[in-house]
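Comments concern the structure below.
Numbering (our numbering), first residue to last: 8 to 124.
Shown next, in the form of structure tokens:
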């Protein structure tokens, strides 16, 4: 499996947690000291803050959430991916994420910027 597919698998895991209303699960795809920047709220620094942000977001209907990776590259243990996200069949924006390979081989998001279309 290539890196783009690894990113899609990670974001698919995120979407499953999102649709299930599981904020802790959503935050689990982020590194413990990750940073998330979004037009939908203030910056979230650290996994606990990212989880708190998701508690607020998950109050809305989450069953239609989708994320599709459009491009991704990595060099060694660092990589990035660009993805489009949508809900209720309408595109809402893009996300650019930086990822780091963990000691167990799993990729986690270290920095994420969500951007509205």
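Every residue, glycine too, gets a C-beta built ideally from N, C-alpha and C.
Given the structure is predicted, the values throughout are model-derived calculations rather than measurements.
At the C-beta level, residue 63 and residue 31 stay beyond 8 Å of one another.
When the beta-carbon positions are compared, residue 123 and residue 39 stay at least 8 Å from each other.
The beta carbon of residue 85 is closer than 8 Å to those of 105, 106, 107, 108 in its chain, skipping five residues each way along the sequence. Nearest to residue 61 by C-alpha distance, out of 77, 91, 36, is 36. Looking at the DSSP output, residue 52 bridges to 42.
Pairing residue 113 with residue 80, the inter-Cα distance amounts to about 15 Å. When 11, 75, 49 are compared, the shortest CA-CA separation from residue 94 is found for 75. Comparing alpha carbon positions, the residue from 65, 91, 41 closest to residue 29 is 65. Residue 24 and residue 70 have their C-alpha atoms roughly 10 Å apart.
When DSSP reads this structure, residue 37 sits in a beta bridge with 116.
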